[in-house]
Amino acid sequence: MKKVLLSTLVLCFATVSLNTAQAKDRDLKARIEAASAPTAPLNSLSAADFDAFSQHLKKGKLSWVSEVPAFAKRSDGDYAQALTISLAWGLEHNPEAVLEILDDSSPTLSVNHVCGLPFSDISVPKADDYIKKTREGLQRLTTTTLQDKKASCLKVLNGSAGMSVTGRDYSQK
7 MKKVLLSTLV LCFATVSLNT AQAKDRDLKA RIEAASAPTA PLNSLSAADF DAFSQHLKKG
67 KLSWVSEVPA FAKRSDGDYA QALTISLAWG LEHNPEAVLE ILDDSSPTLS VNHVCGLPFS
127 DISVPKADDY IKKTREGLQR LTTTTLQDKK ASCLKVLNGS AGMSVTGRDY SQK
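Each residue of the sequence shown is one higher than the one before, starting from 7 at the first, in my numbering.
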């Protein structure tokens, strides 16, 4: 009986925690959408909300990556640069979602910026690991409509941007 009661309590707490996390994510999305509105001031999302948004982007979560194009139009300076970096990390985890929103008419979302290792403080081993995992993810991508972006991204990733960070030539790998 005690085990059943304990199991029920654990399940209830887990459900409450999940519902709380989902509610927080819904609220965050609403604030992102408000900050993305054409009438919203630039960079109107709070730093804490932007950090939470960035964490989702770094994991390549599709529902969050899809919020970026509208938000990027209302971002400049540090927020724009941080978006590019977050998308670069997301590229490692979900190349399809990130490539889908890349747009060379926006510096924040351009292939050259997102695929060009925009990190300023990455160690050589971490850069090597990132390049390897990102390249593998991109090479596995078979979505027909993304093949041009995939090729461009691989070219940038393998090119001089990667060499400037790691000192290694990735163009032949």
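Don't be surprised by glycine CBs; every beta carbon is placed ideally from N, CA and C. Predicted model only: the values in this text are computed from it and were never measured.
Check: Selection from D154, S92, T140 and A43 that minimises the alpha carbon distance to A58; Outcome: S92
Check: Alpha carbon of E106 to alpha carbon of T26, nearest angstrom; Outcome: 30 Å
Check: Check: A157 C-beta below 7 Å from any heavy atom of the ligand SAM; Outcome: The ligand content of the structure shown is nil, which means the ligand SAM is not present either.
Check: Cβ shell of A78 (< 8 Å), same chain only, five flanking positions each side left out; Outcome: A86, L89, S112, T114 and L115
Check: Under 8 Å between C-beta atoms of N100 and G66; Outcome: yes
Check: Spatial neighbours of A41 in its chain, beta-carbon cut-off 7 Å, leaving aside the 5 residues before and after; Outcome: S50, L51, F77 and R80
Check: Distance CB(K155)-CB(L108) smaller than 8 Å; Outcome: yes
Check: 4-residue-minimum alpha helix (DSSP H) runs that sit fully inside the segment 57-97, ordered along the chain; Outcome: 68-71 and 74-78
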